Each structure stands twice: as C-alpha cells, then as structure tokens.
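Residue numbers (this note's numbering): 70 to 225. Glycine is no exception: its CB is placed at the ideal position from the N, C-alpha and C atoms. Treat the numbers as computed from the prediction; the structure is a model and nothing was measured. Take a look at the structure below.
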Amino acid sequence: MSDVDPQAQNARRYPRAIAEEEIESLPQMNWNDGIGTKIFLTQERDDARYFRHGMMYVEPQHGEVHWFQANFDETQYCISGMMRVRAQDRGGREVVLEIGPGEVLYLPAGFNYTMEPTGQESRLLFTSGPSPRPGIVEQKAYSKQLRSLRGQGMEK
70 MSDVDPQAQN ARRYPRAIAE EEIESLPQMN WNDGIGTKIF LTQERDDARY FRHGMMYVEP
130 QHGEVHWFQA NFDETQYCIS GMMRVRAQDR GGREVVLEIG PGEVLYLPAG FNYTMEPTGQ
190 ESRLLFTSGP SPRPGIVEQK AYSKQLRSLR GQGMEK
C-alpha cells in the first residue's frame with residue numbers, strides 16, 4: 070500500500086485510465102425517477118480543477134429534470150438511445166433539441182433546461198466545466214460519498 074494520503078490536496082491528480090468497471094462501481098446520484106448519473110471525474114474524488122465527467126443512465130419514461138445552468142457549460146454525448154432537451158432563454162424563446170447515438174448536445178450556461186422522456190432507454194456521457202470551486206453543491210450527500218472514495222484504486 071502506498072504511503073500517500075488520499076485526502077491530501079492533489080493526491081489523485083495524476084494521469085490514469087478509468088475503466089468501465091470503476092465507473093459502474095460508483096454511487097449513483099438520481100435527478101428524478103428513472104434518471105441518474107455516476108460522476109467519475111470530479112473535484113471531490115479526483116482533484117479535477119476545470120471540468121467533471123459522468124455517465125447518465127436514463128429509463129424510457131423518466132421524470133422530467135428542470136434546471137437553470139448559471140455558471141458552467143455542458144455537453145452530452147449520446148452512446149445509446151436518445152436525449153430530448155427543451156431550452157429556454159431569458160426572453161422566453163424555446164427550442165427542443167434531440168440527439169441520438171454518436172451525436173453531441175451543447176448546453177451553454179445562461180439557459181433554463183428541461184430533460185424530457187423519449188420512450189427509449191438511453192446512456193449518455195456528459196462533461197461540464199468549469200467546475201464550480203465548491204464542488205457538487207446541488208447534491209451534498211453525493212459529494213460526500215465521492216470524497217469518501219478517494220483512497221480506492223490508488224496504486225504505489
């Protein structure tokens with residue numbers, strides 16, 4: 070076992086490969102019924118400074134998810150299934166965007182978003198950045214779970 074303190078600042082900030090098994094073993098944060106994410110690269114667990122990555126798991130008839138994206142941009146890459154998002158600007162103008170496998174959705178800061186059900190089971194890879202300094206503040210319990218995982222998988 071390494072003598073590195075996994076809780077020390079930047080202890081997990083090193084180049085490495087992240088396998089699907091590692092992602093699947095992470096706790097899931099649920100946004101609504103039938104929609105959750107496993108965030109596998111974060112400030113809390115990995116000392117990531119500028120962005121976070123996660124896998125989104127979506128059931129065919131999930132509950133809608135509403136959010137205002139104030140301070141970060143996001144992309145969603147559709148691995149399987151489909152994603153539908155309704156975007157509204159401050160003036161009330163709306164657009165509905167849909168992506169399928171191999172397509173990317175860009176969701177910039179400053180818009181209200183609603184993720185709507187598509188009737189398809191879907192899997193998406195997301196990236197957001199810049200990561201807010203406080204970490205994942207919208208889900209404090211999840212943030213704490215990720216911090217507790219800092220020592221797992223560390224090698225000499």
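Near residue i, which residues of its chain fall below 6 Å by C-beta distance, leaving aside the five closest residues on each side in sequence?
i, result
"Arg-159", "none"
"Pro-186", "Gln-130, His-131"
"Leu-218", "Arg-114"
"Ser-212", "Glu-113, Gly-204, Ile-205"
Could you compute how far the alpha carbon of residue i sits from the alpha carbon of residue j?
i, j, result
"Arg-153", "Glu-167", "4 Å"
"Glu-133", "Arg-82", "35 Å"
"Asn-79", "Arg-114", "10 Å"
"Arg-216", "Leu-194", "21 Å"
"Ile-92", "Trp-100", "18 Å"
"Pro-201", "Gly-188", "33 Å"
"Glu-207", "Asn-181", "16 Å"
"Lys-209", "Arg-121", "16 Å"
"Ala-178", "Phe-141", "5 Å"
"Ala-156", "Met-184", "9 Å"
"Ile-104", "Gln-76", "30 Å"
"Gln-221", "Val-164", "42 Å"
"Tyr-175", "Asp-74", "37 Å"
"Cys-147", "Thr-196", "12 Å"
"Glu-143", "Val-173", "10 Å"
"Gly-198", "Ile-205", "12 Å"
"Arg-85", "Trp-136", "32 Å"
For residue i, which residues in the same chain have their Cβ closer than 8 Å to its Cβ, ignoring the five residues on either side in sequence?
i, result
"Ser-50", "There is simply no residue 50 to check, as the chain begins at 70 and stops at 225 in what is shown."
"Lys-107", "Ile-92, Glu-93, Leu-95, Pro-96, Gln-97, Met-98, Gly-123, Met-124, Tyr-126"
"Gln-214", "Pro-96"
"Glu-89", "none"
Tell me the DSSP bridge mates of residue i?
i, result
"Gln-138", "Phe-180"
"Glu-143", "Leu-176, Ser-197"
"Leu-166", "Val-154"
"His-122", "Leu-110, Thr-196"
"Glu-91", "In the DSSP output, where bridge partners are listed per residue, Glu-91 has none listed."
"Gly-161", "Answer is none; Gly-161 lacks a bridge partner."
"Gly-105", "Asn-99, Tyr-126"
Given residue i, which residues of its chain have a CB within under 7 Å of its CB, disregarding the five upstream and five downstream residues?
i, result
"Ala-117", "Leu-110, Thr-111, Ser-200"
"Asp-102", "His-131, Gly-132"
"Ala-139", "Ala-178"
Does the ligand SAM have a heavy atom nearer than 7 Å to the CB of residue i?
i, result
"Gly-198", "Because no ligand of any kind appears in the structure shown, any question about the ligand SAM cannot be addressed here."
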